[in-house]
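In the numbering used here, the protein residues as written are 7 to 319. All C-beta atoms, glycine included, are put in the ideal place defined by N, C-alpha and C. Since this is a predicted model, take the numbers as computed values, not measurements.
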Ligand SMILES: [Zn+2]
């Protein structure tokens with residue numbers, strides 16, 4: 007099996023720096039994401055904005071672009087009248103946009119000083135993201151493992167075929183979906199993935215299973231090369247990192263959201279931001295054992311810059 011980009015970067019750098027929110031930056035550039043397809047809608051309407059945001063994050067210091075495929079599924083696009091072939095084409099476009107941004111960034115030799123070549127992680131959002139009803143933070147789908155596996159298969163096949171460097175399974179709320187995804191990964195030998203959960207407190211993922219048990223399950227799967235949490239409030243992250251570490255020696259991911267709460271009914275965020283000291287907070291997550299750090303919803307290139315400031319002095 008070939009080396010995965012996370013292991014390669016961690017051989018020479020203290021952490022892998024992920025990017026921050028895609029949707030937040032697309033909105034700042036004028037995109038309207040009040041839609042059940044969310045950022046996937048922009049794949050259809052304004053793909054050049056997605057490429058520009060990826061480039062912003064590389065310039066801010068990110069080693070990785072997470073593609074705009076989180077909410078891009080065959081079933082979701084079918085609801086807009088797109089054929090399966092058209093949907094799969096858009097899903098693959100998400101990888102190409104990130105690769106184009108990465109290659110443009112890396113073509114400038116001034117950008118290569120003291121940093122690794124960035125990689126492209128193809129986002130696989132949970133089944134609940136396709137439902138667009140907030141259930142990605144609950145995990146109460148009522149689907150079997152086999153049904154979840156069938157739901158995820160076409161997108162993962164498209165992402166792998168498009169040439170992503172690895173797969174980013176993210177905001178996974180329940181262990182049954184992680185089980186389905188690792189079974190699906192086995193259909194793509196040689197492909198590496200990270201598995202990142204959304205969590206409800208410092209011990210438990212959103213559906214209620216203990217993160218330590220999820221990490222113990224995943225520890226046995228060689229294609230899963232990193233385990234962690236994302237889209238979870240910053241205040242919970244240190245405890246969750248410790249919980250994951252107690253069950254695995256694989257690198258631990260932490261990419262929290264801003265601490266605000268998402269309202270799926272209105273496509274809006276409420277409450278207070280709790281990531282204003284992102285540089286210091288990310289140092290604490292590193293001290294707790296996280297080795298892959300970035301931001302999820304509502305974070306910006308400024309947060310990634312604050313992280314790169316200490317991680318890539
Ligand atoms: Zn998020």
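Consider the C-beta atom of residue i and the heavy atoms of ligand 1; say whether any pair is separated by less than 7 Å.
| i | result |
| --- | --- |
| residue 177 | yes |
| residue 302 | yes |
| residue 237 | yes |
| residue 114 | no |
| residue 10 | no |
Alpha carbons only, please: which of the options is nearest the one belonging to residue i?
| i | options | result |
| --- | --- | --- |
| residue 287 | 267, 257, 239 and 272 | 239 |
| residue 314 | 304, 292 and 32 | 292 |
| residue 208 | 36, 243 and 151 | 243 |
| residue 188 | 253, 162 and 80 | 162 |
| residue 282 | 45, 106, 186 and 311 | 311 |
| residue 56 | 92, 24 and 101 | 101 |
| residue 135 | 114, 78, 87 and 267 | 78 |
| residue 127 | 116, 166, 153 and 267 | 166 |
| residue 193 | 164, 23, 213 and 86 | 164 |
| residue 252 | 276, 294, 274 and 196 | 294 |
| residue 237 | 107, 116, 296 and 177 | 177 |
| residue 296 | 247, 274 and 268 | 247 |
| residue 305 | 28, 258, 157 and 241 | 28 |
Round the Cβ separation of residue i and residue j to the nearest angstrom and send it over; I've been treating them as touching at under 8 Å.
| i | j | result |
| --- | --- | --- |
| residue 26 | residue 307 | 6 Å |
| residue 217 | residue 205 | 6 Å |
| residue 149 | residue 133 | 7 Å |
| residue 39 | residue 74 | At roughly 11 Å, the Cβ-Cβ gap does not stay under 8 Å, so residue 39 and residue 74 are not in contact. |
| residue 318 | residue 120 | 6 Å |
Return helix, strand or coil for residue i, following the three-state DSSP convention.
| i | result |
| --- | --- |
| residue 149 | coil |
| residue 201 | strand |
| residue 9 | coil |
| residue 126 | strand |
| residue 214 | coil |
| residue 177 | strand |
| residue 96 | helix |
| residue 117 | helix |
| residue 19 | coil |
| residue 227 | coil |
| residue 70 | strand |
| residue 109 | helix |
| residue 44 | coil |
| residue 285 | helix |
| residue 134 | helix |
| residue 270 | coil |
| residue 261 | strand |
| residue 167 | helix |
| residue 24 | coil |
| residue 232 | strand |
| residue 34 | helix |
| residue 239 | coil |
With a threshold of 6 Å on Cβ separation, who are the neighbours of residue i within its own chain once the five nearest residues in sequence on each side are excluded?
| i | result |
| --- | --- |
| residue 191 | 199 and 229 |
| residue 249 | 209, 217 and 218 |
| residue 83 | 93 |
| residue 215 | 181 |
| residue 31 | 59 |
Excluding the five sequence neighbours on either side, which residues of its own chain have a C-beta within less than 7 Å of the C-beta of residue i, listed in chain order?
| i | result |
| --- | --- |
| residue 220 | 181, 184, 203 and 211 |
| residue 289 | 316 |
| residue 34 | none |
| residue 270 | 138, 139 and 140 |
| residue 37 | 48, 52 and 55 |
| residue 10 | 172, 198 and 231 |
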